[in-house]
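Residue numbers (our numbering): 23 to 179. Ideal placement from N, C-alpha and C gives every residue a C-beta, glycine not left out. Since the structure comes first, as structure tokens, the remarks are kept for the end.
Printed below as a string of structure tokens:
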């Protein structure tokens, strides 16, 4: 009797875990394809340096065609405004391009976003797994490329 109860408990737990994973996978798919998600950075890797773990919240928000970034930048800036104390990658603009591809073999999404601001042009590449973990690289005309590692989350209501 004990073995039967233990066996049934194991089956119920495994079914519940499978359901939760399916729910996460479909949620990630809906967020990315629906252009309604937030990438929260956990670490940043500059082009010429080692990984830096982030202790504050930095993110990139995609809400329909609007893309808002508030991210730290470590690396070389090729061009900056005279006397500017503004650092990091910060903008809130309409996306010029939003493209999603799903890789069936790797079970991951590749998202390409292009955003033009008054002073710079950004190319953003996000590679996200069905679990929600993702890596993102940003290149611009005025700064070195930089990579981030983090998670894809639903937008705050």
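- Query: Touch check for the segment 67–74 and the segment 139–146: three-plus C-beta pairs under 8 Å?
  - Reply: no
- Which residues in the same chain have their Cβ closer than 7 Å to the Cβ of residue 55, if we skip the five residues on either side of it in sequence? Here residue 55 is taken as the residue at index 33 of the chain shown, counted from 1. Excluding residues within five positions, the ones whose Cβ falls inside 7 Å are 122.
- DSSP three-state call for residue 52: helix, strand or coil? Residue 52 sits at position 30 when you count from the first residue of the chain shown. It is helical.
- Specify the secondary structure class of residue 151 as computed by DSSP and reduced to three states. Counting from one through the chain shown, the residue named residue 151 turns up at place 129. Strand, per DSSP.
- Query: Quick check: the segment 149–158 against the segment 120–134, are there 3 or more CB pairs under 8 Å?
  - Reply: yes
- Query: In terms of residue numbering, what span does the beta strand (DSSP E) encompassing residue 64 cover?
  - Reply: Residue 64 sits at position 42 when you count from the first residue of the chain shown. First-last of the beta strand (DSSP E) with residue 64: 58–68.
- Item | Cβ-Cβ separation, residue 80 to residue 68 (assumed contact under 8 Å), whole Å | The sequence position of residue 68 within the chain shown is 46, counting from 1. The sequence position of residue 80 within the chain shown is 58, counting from 1. That belief does not hold up - the Cβ atoms of residue 68 and residue 80 are roughly 14 Å apart, past 8 Å.
- Three-state secondary structure (DSSP) of residue 113: To locate residue 113, count along the chain shown from 1; it is residue 91. Strand.
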